[in-house]
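To start, the structure itself, in C-alpha cells.
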Amino acid sequence: MPGGDKHFKSGIAEARCIIVALQLGWEITKPLSDIHPYDFVIRRNTTEGWKSVQVKAVYIDASGNGGPRRVVSVRRGRTSGKSINRVNKLYTDGDFDFLLAVDMEDVWLIPWHEIRHFRSVVCPPQFPNYKIIVPRIL
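Be aware that the sequence shown starts at 253, since it is given in the numbering used here, and climbs by one per residue.
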C-alpha cells in the first residue's frame, strides 16, 4: 500500500507545503536539483527575504510510555521503519531556516534555531506557538 511508503508520505507533505504557502499568500519555489539540504524556498511577504524550508511528514510514535505521539524527525534521509540502510545524519547550522512539519490536519513552521539541538520533536506540545492556522479557501 503506498500510504505506508516513506517517499509517498514525503511527496504528500511537500504537496501540502505548496498548498499551505499559496493559501497564505506566500511565494514559493523549489530548487531544480536535490543537492540542497532543503526542499523549498519561501518568502512570506515582500519586505522579508527568501527563507529555506525543509519539509518533514509527521509520524505517529507509539513506543513511548505516554501513548501515541505525533513526532517529526530532525535528521536527514530515512530514519524510521525497518530499513537496513538507516540514515541518522543530523542537519547542521545553515542547512535550512525553517522546518515545516506536516500531518494531515496541522502544519508547524519551526525556526531552525529552536530545533537545532533535537533529533526529533513532538508536535504540538513542544512548539504550539509555531502552528500555522491555514485559511480554508475551497
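Backbone N, C-alpha and C define an ideal beta-carbon position, used for all residues, glycine too.
Model, not experiment: these values are computed from the prediction.
Whether Val293 touches Lys308 by CB criterion (8 Å): Numbered from 1 along the sequence shown, position 41 holds the residue referred to as residue 293. Numbered from 1 along the sequence shown, position 56 holds the residue referred to as residue 308. No, the Cβ-Cβ distance between Val293 and Lys308 is not below 8 Å.
Spatially closest choice to Asp345 from Arg327, Arg368, Ile362, by CA coordinates: Here the question's residue 345 lines up with position 93 in the sequence shown. For Asp345, the nearest C-alpha among the options comes from Arg368.
Rounded C-alpha distance that separates Arg328 from Arg388: Counted from its first residue, the sequence shown places residue 328 at position 76. Counted from its first residue, the sequence shown places residue 388 at position 136. Each residue's alpha carbon lies about 32 Å from the other.
Residues bridged to Leu351 [DSSP beta-bridge criterion]: Locating residue 351 in the sequence shown gives position 99, counting from the first residue. In DSSP, Leu351 forms a bridge with Gln306, Ile362.
Simplified DSSP assignment, three categories, for Tyr382: One-based indexing of the sequence shown puts residue 382 at position 130. Reduced to three states, the DSSP call for Tyr382 is helix.
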